[in-house]
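J.: If you're matching positions, the sequence shown starts at 1 in the UniProt record's numbering and goes up one per residue.
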Amino acid sequence: MIFTTVELLSILLAFLFLFFAGYLLAIKSNKRLSNLLFAAHFIITALDISAYFYPKFITLPYSAEMLRIKILAGMKAPIIYLYILSVLYDDFKLKAKHILYFSPLFINLIILIPNFFSVNASKQELYFLNFFDQPETIFATFFSYIVVYAFILAELYQVGRYRKIVKQNYSNPKALVNYTWLKQFLIISIILTTITFIKGIYRLAYDEYETTNELIITMLLFGIAFGTWLFSKALFAPNIFQGINTRLEPIEEISHSNDDISIEATKQFTVEKQANPFISESDTNDKEKFCATTTIQCIQEKTTDTSKKSKDSDANPTLTEDDVDDIRIKSIQQYMQEKEPYLDSSLTVQKLGIQLKIPPKELSSLINQHIGTHFFDFINQYRVKKAMEILKETSASKRTIQEVMYDVGFNSKNSFNTAFKKYTNLTPTQYRKRH
1 MIFTTVELLS ILLAFLFLFF AGYLLAIKSN KRLSNLLFAA HFIITALDIS
51 AYFYPKFITL PYSAEMLRIK ILAGMKAPII YLYILSVLYD DFKLKAKHIL
101 YFSPLFINLI ILIPNFFSVN ASKQELYFLN FFDQPETIFA TFFSYIVVYA
151 FILAELYQVG RYRKIVKQNY SNPKALVNYT WLKQFLIISI ILTTITFIKG
201 IYRLAYDEYE TTNELIITML LFGIAFGTWL FSKALFAPNI FQGINTRLEP
251 IEEISHSNDD ISIEATKQFT VEKQANPFIS ESDTNDKEKF CATTTIQCIQ
301 EKTTDTSKKS KDSDANPTLT EDDVDDIRIK SIQQYMQEKE PYLDSSLTVQ
351 KLGIQLKIPP KELSSLINQH IGTHFFDFIN QYRVKKAMEI LKETSASKRT
401 IQEVMYDVGF NSKNSFNTAF KKYTNLTPTQ YRKRH
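1. How long is the line joining the alpha carbons of residue 370 and residue 351, rounded to whole angstroms?
2. With a Cβ-Cβ cutoff of 9 angstroms, do residue 195 and residue 222 count as a contact?
3. Within the continuous alpha helix (DSSP H) that includes residue 347, where are the two ends?
4. List the residues that DSSP assigns as beta-bridge partners of residue 170.
5. My guess is that residue 114 and residue 143 are in contact by the Cβ rule of under 8 angstroms, so how many angstroms apart are they, rounded?
6. Quick check: the region 78 to 98 against the region 46 to 65, are there 3 or more CB pairs under 8 angstroms?
7. Apply the 10 Å Cβ neighbour rule to residue 420 and answer buried if 16 or more other Cβ atoms are within range, or exposed otherwise.
8. With DSSP run on the structure shown, which of helix, strand or coil describes residue 393?
9. Quick one: using the 10 Å Cβ neighbour count with 16 as the cut-off for buried, is residue 38 buried or exposed?
10. Please list, in chain order, all residues of the same chain as residue 49 whose beta carbon is under 6 angstroms from its beta carbon, the five residues on each side excluded.
11. According to DSSP, is residue 409 part of a helix, a strand, or is it coil?
12. To the nearest angstrom, how far is the alpha carbon of residue 374 from that of residue 56?
13. Please go through the same chain and pick out, in chain order, the residues whose beta-carbon is closer than 6 angstroms to the beta-carbon of residue 286, but skip the five residues on each side of it.
14. Taking the alpha helix (DSSP H) that residue 456 falls in, what are its first and last residues?
15. Any idea if residue 32 is buried or exposed, counting beta-carbon neighbours within 10 angstroms, 16 or more meaning buried?
16. Which two residues bound the contiguous alpha helix (DSSP H) that contains residue 362?
17. DSSP three-state call for residue 134: helix, strand or coil?
18. Whole angstroms is fine: what's the gap from residue 8's alpha carbon to residue 215's?
19. With a CB to CB cut of under 8 angstroms and the five nearest residues on each side skipped, what residues in its chain are close to residue 35?
20. What is the DSSP secondary structure of residue 29, reduced to helix, strand or coil?
21. Does the distance from the CB of residue 231 to the CB of residue 47 come in under 9 angstroms?
22. Compute the Euclidean distance between the alpha carbons of residue 160 and residue 182, then round it to the nearest angstrom.
23. Hey, residue 409 and residue 342: beta-carbon distance below 9 angstroms or not?
24. Since I believe residue 127 is in contact with residue 101 (beta carbons under 8 angstroms), could you give me their beta-carbon distance rounded to a whole number of angstroms?
Structure representation (structure tokens):
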């Protein structure tokens with residue numbers, strides 16, 4: 001039995017994808033749903049690729065072959081979208097409404113009922129002989145790629161949204177590993193999809209065997225490189241994924257109404273308190289302490305109480321919203337300088353909110369809207385300043401750059417150098433030499 005280049009490459013790629021799917025199903029992980037969805041994607045892709053070689057071994061009935069083509073092609077995009085959601089959000093669960101993502105698949109099957117599924121085998125054979133000239137095929141090709149690119153846009157939106165949330169809530173650069181991985185995955189997926197799209201359109205327009213064959217070989221070679229890269233990721237970084245809670249939102253999506261923010265943020269703070277054993281009852285029961293840094297109403301109440309005790313009530317006018325924000329920002333900055341919470345490499349907006357007695361949503365909103373930076377960059381500014389102080393000290397000259405890096409809250413040399421250069425235009429080593 002002689003195999004062509006396309007057949008050999010497709011066999012290799014199908015085997016690689018099936019092997020990777022088996023690996024995903026076999027390993028133990030706290031992201032079980034993600035692994036199941038990813039494995040399903042690779043099994044479906046392997047079966048789809050088998051079209052290049054399986055006719056050498058078996059012959060399927062025409063109806064079964066059409067179902068294979070349409071079902072496999074229609075399932076890949078929704079499954080990979082659900083996979084990305086399951087990676088991004090640690091509390092993601094499959095729901096009945098997700099079946100709607102597969103509606104384009106059903107549309108492609110329904111339009112084939114009159115001229116294919118409801119006719120006899122001889123007419124089905126004739127349909128396949130003129131497959132690329134059939135109006136249903138032309139419609140399905142363009143419709144399917146519109147759907148695929150729509151899913152890609154949705155995936156890019158979700159990954160971009162995730163990045164915003166991470167930067168607004170986490171200070172550890174490792175939290176962005178998820179974003180980096182998915183960004184790389186999407187870039188490669190877009191390239192593969194585009195090659196496949198060009199191949200499909202060229203085949204419809206010209207039906208030229210040699211050029212189409214070259215595009216298929218290019219697609220398969222790229223797929224093999226992609227599969228090898230994925231497997232190396234799984235071997236050398238098996239635990240790179242850490243999702244966020246679906247309830248977290250970027251600041252832009254949170255209502256700008258102060259009353260709504262205060263109510264929702266206080267609820268969020270209560271949830272955090274219940275889930276976090278480090279908040280004592282005395283902290284949450286101490287209204288005076290809590291009000292000092294949370295809602296506008298509380299600060300105004302405190303000001304009003306103080307003004308009643310004063311002989312001159314005009315000396316203590318009601319604070320404006322901007323006054324309240326200025327007080328809170330100064331309090332945050334003072335706390336950062338005195339208590340140095342940024343030295344904790346795993347500091348999150350939730351942890352800092354607990355320490356400051358400010359609900360996390362309010363704290364994140366203050367940092368983003370009034371200080372004008374993400375929580376991620378806000379914390380790193382303090383870490384870099386602390387590192388600069390240490391590097392200037394003559395007593396610290398024997399300490400290595402890595403020791404300084406860990407001391408100020410960084411746990412990655414690359415992220416430390418990047419952040420340090422961002423604020424000083426120098427690497428830590430260059431800064432030490434000049435000072």
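From the three backbone atoms N, C-alpha and C, an ideal C-beta is built for every residue, glycine too. Since we're looking at a predicted model, the values are computed, not measured.
T.: Judging by the given coordinates:
1. Reading the sequence shown from its first residue, position 370 is the one you call residue 370. Reading the sequence shown from its first residue, position 351 is the one you call residue 351. Going by the C-alpha atoms only, they are around 20 angstroms apart.
2. Against the sequence shown, residue 195 aligns to sequence position 195. Against the sequence shown, residue 222 aligns to sequence position 222. Yes.
3. In the sequence shown, residue 347 corresponds to position 347, counting from 1. Residue 347 -> no alpha helix (DSSP H), and no H or E assigned at all.
4. Taking the first residue of the sequence shown as position 1, residue 170 is located at position 170. Paired residues: 348.
5. Position 114 of the sequence shown, counted from the start, is the residue given in the question as residue 114. Position 143 of the sequence shown, counted from the start, is the residue given in the question as residue 143. About 17 angstroms; that fails the 8 angstroms criterion.
6. no
7. For the purposes of this step, residue 420 is taken as residue 420 along the sequence shown, with counting starting at 1. Per the 10 Å Cβ criterion, buried.
8. In the sequence shown, the residue the question calls residue 393 occupies position 393. The answer is coil: DSSP assigns residue 393 none of H, G, I, E or B.
9. Stepping through the sequence shown from its first residue, residue 38 is reached at position 38. Buried is the call here.
10. To locate residue 49, count along the sequence shown from 1; it is residue 49. Cβ neighbours of residue 49 beyond the five flanking positions: 10, 13 and 14.
11. Reading the sequence shown from its first residue, position 409 is the one you call residue 409. Reduced to three states, the DSSP call for residue 409 is coil.
12. Taking the sequence shown and counting its residues from 1, the one referred to as residue 374 is at position 374. Taking the sequence shown and counting its residues from 1, the one referred to as residue 56 is at position 56. In a straight line, the C-alpha of residue 374 is about 58 angstroms away from that of residue 56.
13. Along the sequence shown, one-based indexing puts residue 286 at 286. In this prediction, residue 286 scores a pLDDT of 42, lower than 50, which makes its location untrustworthy; the coordinate-derived value is nonetheless stated afterwards. If we look at residue 286 and ignore the five residues flanking it on each side, it has no Cβ neighbours.
14. In the structure as shown, the chain starts at 1 and stops at 435, and residue 456 therefore has no counterpart that could be examined.
15. Sequence index remark: in the sequence shown, residue 32 carries index 32 (1-based). When all chains shown are included, residue 32 counts as exposed.
16. The residue labelled residue 362 in the question sits at position 362 within the sequence shown. That run of the alpha helix (DSSP H) goes 360 to 365.
17. Translated into positions along the sequence shown, residue 134 becomes position 134. Coil at residue 134, not helix or strand.
18. Working through the sequence shown from its first residue, we reach residue 8 at position 8. Working through the sequence shown from its first residue, we reach residue 215 at position 215. The straight-line gap from Cα to Cα measures roughly 15 angstroms.
19. In the sequence shown, residue 35 corresponds to position 35, counting from 1. Excluding positions up to five away in sequence, the list reads 24, 25, 27 and 29.
20. Residue mapping note: residue 29 aligns to position 29 of the sequence shown, counting from 1. Of the three classes helix, strand and coil, the one that applies to residue 29 here is coil, per DSSP.
21. As a working note, residue 231 is residue 231 in the sequence shown. As a working note, residue 47 is residue 47 in the sequence shown. The answer is no: Cβ separation not under 9 angstroms.
22. Taking the first residue of the sequence shown as 1, we reach residue 160 at position 160. Taking the first residue of the sequence shown as 1, we reach residue 182 at position 182. Cα to Cα, the separation comes out at about 10 angstroms.
23. Translated into positions along the sequence shown, residue 409 becomes position 409. Translated into positions along the sequence shown, residue 342 becomes position 342. Contact: yes.
24. Counting from one through the sequence shown, the residue named residue 101 turns up at place 101. Counting from one through the sequence shown, the residue named residue 127 turns up at place 127. At roughly 28 angstroms, the Cβ-Cβ gap does not stay under 8 angstroms, so residue 101 and residue 127 are not in contact.
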